[in-house]
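Undergrad:
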Amino acid sequence: MRSEIENIVDEIKQAISLLRRHLDWDQAVRRLDWLNNKAEDPSLWNDAAEAQKLMRERQQLDDGINGLRRFEQQLSDNIELIELGEEEGDAAIVADAEQALRELRNEAAKKQVEAMLSGEADQNDTYLEVHSGAGGTESQDWANMLLRMYTRWSERQGYKVELMEIQDGEEAGIKSATLLVKGHNAYGWLKTESGVHRLVRISPYDSNARRHTSFSSIWVYPVVDDSIQIDINESDCRIDTYRSSGAGGQHVNTTDSAVRITHMPSGIVVQCQQERSQHKNRAKAWDMLRARLYESELKKREDAANAEAASKTDIGWGHQIRSYVLQPYQLVKDMRTGVESTAPGDVLDGELNEFMEAALAHRVSGGADAVVDDLN
1 MRSEIENIVD EIKQAISLLR RHLDWDQAVR RLDWLNNKAE DPSLWNDAAE
51 AQKLMRERQQ LDDGINGLRR FEQQLSDNIE LIELGEEEGD AAIVADAEQA
101 LRELRNEAAK KQVEAMLSGE ADQNDTYLEV HSGAGGTESQ DWANMLLRMY
151 TRWSERQGYK VELMEIQDGE EAGIKSATLL VKGHNAYGWL KTESGVHRLV
201 RISPYDSNAR RHTSFSSIWV YPVVDDSIQI DINESDCRID TYRSSGAGGQ
251 HVNTTDSAVR ITHMPSGIVV QCQQERSQHK NRAKAWDMLR ARLYESELKK
301 REDAANAEAA SKTDIGWGHQ IRSYVLQPYQ LVKDMRTGVE STAPGDVLDG
351 ELNEFMEAAL AHRVSGGADA VVDDLN
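Residues 1 to 376 (the numbering used here) are what the sequence shown spells out, left to right.
1) Judging by CA-CA distance, which residue of ASP122, TYR127, ALA92 and ALA109 is the nearest neighbour of VAL270?
2) Please report how far the alpha carbon of SER296 lies from the alpha carbon of LEU101, in whole angstroms.
3) Please return the same chain residues whose Cβ sits closer than 6 Å to the Cβ of GLY188, not counting the five positions on each side in sequence.
4) Using 8 Å as the threshold, is the C-beta distance between ILE5 and ARG105 below it?
5) Around the Cβ of SER207, are there at least 16 other Cβ atoms within 10 angstroms (buried) or fewer (exposed)?
6) Evaluate the contact criterion for the region 174-183 versus the region 154-166: three or more CB pairs, one atom per stretch, below 8 Å.
7) State the DSSP-derived secondary structure class of GLY345, mapped to helix, strand or coil.
8) So THR262 and ARG238 are supposed to be a Cβ contact under 8 Å. How far apart are they, rounded?
9) Considering only residues of the region 195-224, which uninterrupted beta strand (DSSP E) runs meet the minimum length of 3 residues and lie entirely inside it, listed in chain order?
10) What is the rounded straight-line gap between the Cα of ILE79 and the Cα of ASP225?
11) If you reduce the DSSP assignment to three classes, tell me which class VAL339 lands in.
12) Our contact map puts VAL223 next to LYS191 with C-beta atoms below 8 Å; I'd like the distance itself, whole angstroms only.
13) Can you check whether the CB of ILE268 is closer than 8 Å to the CB of LEU298?
14) Would you be able to state if there are at least three C-beta pairs under 8 Å between the region 193-208 and the region 140-150?
15) Let me know the secondary structure DSSP gives THR313 once reduced to three states.
16) If we count the other Cβ atoms within 10 Å of its Cβ and call it buried at 16 or more, is GLU308 buried or exposed?
17) Alpha carbon to alpha carbon, how far is ALA28 from ALA39? Give it in angstroms, no decimals.
18) Excluding the 5 residues flanking GLN320 on each side, which residues of the same chain have their C-beta closer than 8 Å to its C-beta?
19) What do you get for TYR205, buried or exposed, if any count of 16 or more other CB atoms within 10 angstroms of its CB means buried?
20) Under a Cβ-count criterion, where at least 16 other Cβ atoms within 10 Å of its own Cβ denotes burial, should TRP45 be classed as buried or exposed?
21) The alpha helix (DSSP H) spanning LEU35 covers which residue range?
22) Looking only at its own chain, which residues have a Cβ that is under 6 Å from the Cβ of ASP125, when we skip the five neighbours before and after it?
23) Tell me the rounded alpha-carbon separation between LYS53 and GLN112.
24) Bridge partners of ALA258, per DSSP?
25) Could you have a look at GLN273 and say whether DSSP puts it in helix, strand or coil?
26) By the DSSP assignment, the beta strand (DSSP E) with GLN320 in it spans what residues?
27) Does DSSP classify LEU352 as helix, strand or coil?
28) Report the start-end ranges of each alpha helix (DSSP H) in the region 116-166 that is 4 residues or longer and not cut off at the edges.
29) Taking C-alpha atoms, which residue in LEU61, VAL130, ASP141 and GLU357 lies nearest to GLU171?
30) Give the DSSP-derived three-state secondary structure of ILE230 in the structure shown.
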């Protein structure tokens, strides 16, 4: 085999080894055997909720174990085909087997990313909040650009996006907004985006065409389903109603239908103005508060190095997780992983997977932030 194919084979073997460790292979095989036996027990369905939970676990383990076995078999089969083709001088067989290995490498790489999305709430839908920092119109315009970026990314992933609330800026842009992103692994993908995002550009609002630096923050937290109990004492909450804001038209109400809930012990504030009915907005705001409190509990369980989300720090210098420079040069740089892109226009149009995958790998490995020089 030529060196390129040898490298591909090594990459596939490394991916299989990592996936085996992530799955905890021996324990997973024993657990699947137990679940298969349990599935044959008629009494299992006496508790339907528990039975469904066990069957979901069984399906996930079955997919993971059989998927790895298939990878190993395909790797072995194609190596044998290449050796056979080279012995017989059949270039067509060799070429087909080499192409199959390339495709297997790509599939294995995707499985590695999926393996990183195995956290407690990673498969859930998610809320994403955008907040402008200090700086008035500049920061508010940047917040609006981020809102569009994450909306475009979600659409590229095939996710459904709903705008839960938005607070317009005085002249342009937005002060804040909340998206509900619906789709498999939505929270798992977006969770590493929480933090401060910095923009450097020639301001379109400066008549002297000077360069400005703006900051906005992103906060991501998972939607919680009914199986997760979050106890909230209503006496700890303040509920305010206000008139929905927006660009005008049918979505702007003439009554105080928007709802804001403040959880006094934690200081968490959620808002919803999606519906024309105050009753519906109130119900969704309670769901959002449950989600925020659940996300707060998840973070408490994480390693101390990751427990302090960047989004909880000041929205300004020294706290950014990513810098986007549009002038005098073009570069996007992640301050945790060192991943860069020289096409900020594409990134702002939703091409974020490279940054997300690197941040997920960094988070799963538990490593310290990369030593990365910020952009001037």
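Note that beta-carbon positions come from the ideal geometry of N, C-alpha and C, so glycine has one too.
TA: Taking the coordinates as given:
1) Residue mapping note: residue 270 aligns to position 270 of the sequence shown, counting from 1. Ranking ASP122, TYR127, ALA92 and ALA109 by CA distance to the CA of VAL270 puts TYR127 first.
2) As a position in the sequence shown, residue 296 is number 296, starting the count at 1. As a position in the sequence shown, residue 101 is number 101, starting the count at 1. In a straight line, the C-alpha of SER296 is about 43 Å away from that of LEU101.
3) In the sequence shown, residue 188 corresponds to position 188, counting from 1. If we look at GLY188 and ignore the five residues flanking it on each side, its Cβ neighbours are LEU117 and ASP122.
4) Position 5 of the sequence shown holds residue 5. Position 105 of the sequence shown holds residue 105. Result no, Cβ atoms of ILE5 and ARG105 do not sit closer than 8 Å.
5) Along the sequence shown, one-based indexing puts residue 207 at 207. By the neighbour-count rule (16 or more Cβ atoms within 10 Å), SER207 is not buried but exposed.
6) Output reads yes: the region 154-166 touches the region 174-183.
7) As a position in the sequence shown, residue 345 is number 345, starting the count at 1. If DSSP states are grouped into helix, strand and coil, GLY345 belongs with the helices.
8) Mapped onto the sequence shown, residue 262 falls at position 262. Mapped onto the sequence shown, residue 238 falls at position 238. Their Cβ separation, rounded to whole angstroms, is 4 Å, which keeps THR262 and ARG238 in contact under 8 Å.
9) Within the region 195-224, the complete beta strand (DSSP E) runs of at least 3 residues are 195-202 and 211-222.
10) Translated into the one-based positions of the sequence shown, residue 79 becomes position 79. Translated into the one-based positions of the sequence shown, residue 225 becomes position 225. Computed Cα separation, rounded: 46 Å.
11) Locating residue 339 in the sequence shown gives position 339, counting from the first residue. Residue state, collapsed to three classes: coil.
12) Numbered from its first residue, the sequence shown carries residue 223 at position 223. Numbered from its first residue, the sequence shown carries residue 191 at position 191. Not quite, the Cβ-Cβ distance comes to about 12 Å (not below 8 Å), so this is no contact.
13) Counted from its first residue, the sequence shown places residue 298 at position 298. Counted from its first residue, the sequence shown places residue 268 at position 268. It is not a contact, given that the beta carbons lie outside the stated cut-off.
14) Touching, yes.
15) Translated into the one-based positions of the sequence shown, residue 313 becomes position 313. Its pLDDT being 48, under 50, THR313 is placed unreliably in this model, and the coordinates cannot settle the point.
16) On the sequence shown, residue 308 is found 308 positions in, with the first residue counted as 1. With a pLDDT of 42 at GLU308, under the threshold of 50, the predicted position of this residue should be treated as unreliable, though the coordinate-derived value follows. The residue is exposed, with fewer than 16 neighbouring Cβ atoms inside 10 Å.
17) Reading the sequence shown from its first residue, position 39 is the one you call residue 39. Reading the sequence shown from its first residue, position 28 is the one you call residue 28. ALA39 and ALA28: Cα-Cα distance of roughly 16 Å.
18) On the sequence shown, position 320 is the one that residue 320 refers to. Excluding residues within five positions, the ones whose Cβ falls inside 8 Å are GLY195, VAL196, HIS197, ARG198, PHE215, ALA310, MET335 and ASP374.
19) Numbered from 1 along the sequence shown, position 205 holds the residue referred to as residue 205. So TYR205 counts as exposed.
20) For the purposes of this step, residue 45 is taken as residue 45 along the sequence shown, with counting starting at 1. Classification for TRP45: exposed.
21) As a working note, residue 35 is residue 35 in the sequence shown. Counting along the chain, LEU35 sits inside the alpha helix (DSSP H) bounded by residues 25-39.
22) By one-based count along the sequence shown, residue 125 stands at place 125. Excluding five sequence positions before and after ASP125, the CB atoms of its chain that fall closer than 6 Å to its own CB belong to LYS182, ALA186 and VAL223, given in chain order.
23) In the sequence shown, residue 53 corresponds to position 53, counting from 1. In the sequence shown, residue 112 corresponds to position 112, counting from 1. Each residue's alpha carbon lies about 24 Å from the other.
24) Position 258 of the sequence shown holds residue 258. Beta bridge pairing from DSSP links ALA258 with TYR242.
25) Within the sequence shown, numbered from 1, the residue matching residue 273 stands at position 273. Three-state result, GLN273: coil.
26) To locate residue 320, count along the sequence shown from 1; it is residue 320. Boundaries of the beta strand (DSSP E) around GLN320: 320-325.
27) Here residue 352 is taken as the residue at index 352 of the sequence shown, counted from 1. Three-state DSSP puts LEU352 in coil, outside helix and strand.
28) Runs found: 137-156.
29) Within the sequence shown, the letter at position 171 stands for residue 171. GLU171 has its Cα closest to that of ASP141, out of LEU61, VAL130, ASP141 and GLU357.
30) Taking the sequence shown and counting its residues from 1, one reaches residue 230 at position 230. DSSP, read as helix, strand or coil, puts ILE230 in coil.
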